[in-house]
Each structure stands twice: as C-alpha cells, then as structure tokens.
Amino acid sequence: MIHDANTLVIENLIRNALSQDSRIKVALLFGSHVSGTTTPMSDIDVGIITDADLSLMDLGYLTATLESALHSTVDLIALNDLYKRRPQLAFNIVASCRVVFSRDEEVLVRFKRNTYLYFIDTKPLREMTDAALRQRIAAGKFGVKNYVG
Numbered sequence: 102m103i104h105d106a107n108t109l110v111i112e113n114l115i116r117n118a119l120s121q122d123s124r125i126k127v128a129l130l131f132g133s134h135v136s137g138t139t140t141p142m143s144d145i146d147v148g149i150i151t152d153a154d155l156s157l158m159d160l161g162y163l164t165a166t167l168e169s170a171l172h173s174t175v176d177l178i179a180l181n182d183l184y185k186r187r188p189q190l191a192f193n194i195v196a197s198c199r200v201v202f203s204r205d206e207e208v209l210v211r212f213k214r215n216t217y218l219y220f221i222d223t224k225p226l227r228e229m230t231d232a233a234l235r236q237r238i239a240a241g242k243f244g245v246k247n248y249v250g
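Heads up: the sequence shown begins at 102 in my numbering, then just goes up one per residue.
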C-alpha cells in the first residue's frame, strides 16, 4: 500500500466530503490510488457502508459531491452487501483498502468478516466457473450459445 502525500490529500478530501452524512458509517479508499498504480486516466475508487440502502439518486448525489471535491472522476461503490453479490470484488477491496473514516468499528469488522467468509465459501463455485470459461475459450466456443432456449 502506498501512503504518499497525494493519497493523504485524497483521503482528507473524501473525509471532508462524506463525514457530514450521518448515513455513512464507513468510507474506504481502494484501487490504484492505494496500490500506487495510477495513470492519467485513473479514477478514484471509494467504497461506503451505510446504515440503510441508498437510492440511485443518493448515490449519484454523493458521487457528484466527491467529484466536485476531488476534481476527478469517482467510482463510488455501496459496500453493504457487496460480499453477497460480488465476493471476489469485495475481497479485493478489503485486502487492499485504506479506511478513510469509520463511525462504527463493529460495522467495518462485520463487513470484513462476511467478505472473507463469502469469499472462502464461494471459492469452489468460482473455480468451476473459471475452468468452464477457460475450456470454452480453448475450444473456440467463447460467445457461442451453449444452452437451449
């Protein structure tokens, strides 16, 4: 993980932009700004855990608020149940994120625990799916309909 001055500035701007919204319990920074692999085309990846599901309008407003504060494109992800929908992505975020702020440490610990459990539980399914995909690619059948209907 990179802890350079630019990352600290980004974290402070995110904290200032989001900490006023009491619905947000945890804010995380992840992706290229944490790994130190930014390019001129890099966006800023931010994950939030909220006390309730946010509407698409709410997420859009928060994204616009962050983009205005950061003067950059922001990819804002609601993390609440991401571990159920995308266990690999949730695991990658947890494994390399920086906590920008946390109002409730138990919420963060629960999210991390659930992420690890779902990631481990779904490993056989992911491996089976990946193997089937590699097999279809090797057979030249990627993109070919393989079901009836």
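For glycine and all other residues, C-beta sits at the position ideal for the given N, C-alpha and C.
None of the values given here were measured: they were computed from a predicted structure.
Among the options, nearest to residue i - alpha-carbon criterion
i, options, result
"histidine 172", "Leu155, Leu234, Leu114", "Leu114"
"aspartate 122", "Val208, Phe212, Tyr217, Thr166", "Thr166"
"lysine 213", "Pro141, Gln189, Glu228", "Gln189"
Spatial distance of residue i from residue j (CA atoms)
i, j, result
"leucine 130", "aspartate 146", "6 angstroms"
"leucine 119", "arginine 237", "45 angstroms"
"leucine 226", "cysteine 198", "25 angstroms"
"lysine 242", "alanine 233", "11 angstroms"
"phenylalanine 220", "aspartate 105", "30 angstroms"
"arginine 211", "asparagine 247", "39 angstroms"
"glutamate 168", "alanine 179", "16 angstroms"
"leucine 183", "alanine 240", "33 angstroms"
"leucine 218", "lysine 224", "10 angstroms"
"proline 141", "glycine 132", "14 angstroms"
Cβ pair residue i, residue j closer than 8 angstroms
i, j, result
"isoleucine 150", "lysine 126", "yes"
"asparagine 117", "alanine 170", "yes"
"histidine 134", "threonine 174", "no"
"leucine 177", "leucine 157", "no"
"phenylalanine 192", "threonine 216", "yes"
"aspartate 154", "asparagine 181", "yes"
"glycine 137", "isoleucine 194", "no"
"valine 245", "alanine 128", "no"
"arginine 186", "aspartate 152", "no"
Run of the alpha helix (DSSP H) containing residue i, from where it starts to where it stops
i, result
"arginine 195", "The sequence given here places valine at residue 195; arginine does not occur at that position. Valine 195 -> alpha helix (DSSP H) spans 188–197."
"asparagine 117", "106–119"
"threonine 164", "157–171"
"threonine 230", "224–239"
Beta-ladder partner(s) of residue i, from DSSP
i, result
"threonine 151", "Ile125"
"aspartate 146", "Phe131, Asp176"
"phenylalanine 202", "Ala128"
Continuous beta strand (DSSP E) stretch holding residue i: start and end
i, result
"alanine 179", "175–179"
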